[in-house]
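Note sheet for the following structure.
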Amino acid sequence: MSQQESNCPINAARVTLHEFYYSEDPKTMMCSKCHPCKLGIYDAIKLIETIQAGGGDAGHMTLLRRVADDVKAGGMCKKGKDNADILAALLNEHAEDLEQHIKGVCTSRECTPLVTYEINAALCTNCDKCREVCPSFAVEGQKKEPYRTGFLPYRIRQKRCTHCGECITVCPEGAVYVVEEKELERHEVGT
Ligand code: SF4
Ligand code: SF4
Ligand code: SF4
């Protein structure tokens, strides 16, 4: 996914830094000549991945700030400094989004480890569309048939779900919904 296609600023910044770090195009690639850029950009990618995976804390933002400053000061070319600016812009303009991710919420629902898909049994009509479309065989349930009763309700087996979102797209009843992981934790603690 390119930066332009991403609605999540955290994911967009990670994709851009990743493309820079791993590019093999001489025009856009990192040349690895100077340490602040070579080590810092790699660290920044890993720090952002940790935040996206739900393992972030305030210390990660401090470390990202340090990387941005080091690459800006120590990078020997415009490419490195431009990527430092991208990181600084993330910290300056999207601090609230970063804090939300650290709390376990990606409002764009792109940082998939932070969300869980569930089925609302009250809305589900057992049409089977979600099970048919699921590429991971994560949906269980029995299709409703005329003149029969006692159908197995639909549910998502979380260990198989890859958070691709196909089921939410096809469900005609709006029965598939997304739960933030931290909401789940709060619910489990409260019950
Ligand atoms: S700042 Fe420029 S010269 Fe230094 S490693 Fe990065 S791309 Fe290479
Ligand atoms: S999000 Fe994707 S993998 Fe998960 S249940 Fe829906 S279709 Fe299957
Ligand atoms: S697509 Fe929606 S209504 Fe149909 S079985 Fe799945 S959750 Fe239920």
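At position 37 of the sequence shown the residue is numbered 410 (the numbering used here), and the sequence of numbers has no breaks.
Glycine included, C-beta positions come from ideal geometry on N, C-alpha and C.
With DSSP as the reference, label residue i as helix, strand or coil.
i	result
Val-506	helix
Arg-521	coil
Gln-376	Since pLDDT at Gln-376 reaches only 46, below the 50 mark, its modelled position is unreliable, and no value is offered.
Thr-498	coil
Cys-381	coil
Val-551	strand
Grab me the residues of residue i's own chain with a C-beta within less than 7 Å of its C-beta, minus the 5 sequence neighbours each way, in chain order.
i	result
Leu-429	The sequence shown places Gly at residue 429, rather than the Leu named in the question. Excluding positions up to five away in sequence, the list reads Thr-423, His-474 and Ile-475.
Arg-438	Leu-464
Glu-491	Ile-529, Tyr-550 and Val-552
Lys-406	Met-449
Do the CB positions of residue i and residue j come within less than 8 Å of each other?
i	j	result
Val-388	Ser-379	yes
Asp-455	Pro-409	no
Cys-381	Cys-479	yes
Leu-460	Leu-390	yes
Glu-546	Thr-498	yes
Leaving out five residues on either side along the sequence, give the residues of the same chain with a beta carbon under 8 Å from the beta carbon of residue i.
i	result
Gln-425	Ile-383, Asn-384, Arg-387, His-474, Cys-479, Cys-484, Pro-486 and Leu-487
Gly-523	none
The alpha helix (DSSP H) with residue i in it runs from where to where?
i	result
Glu-466	451 to 466
Out of the options, which one is the CA nearest neighbour of residue i?
i	options	result
Lys-419	Met-434, Ala-462 and Lys-406	Met-434
Ala-511	Lys-452, Leu-525, Thr-489 and Cys-534	Cys-534
Ala-494	Ala-441, Ser-405 and Cys-544	Cys-544
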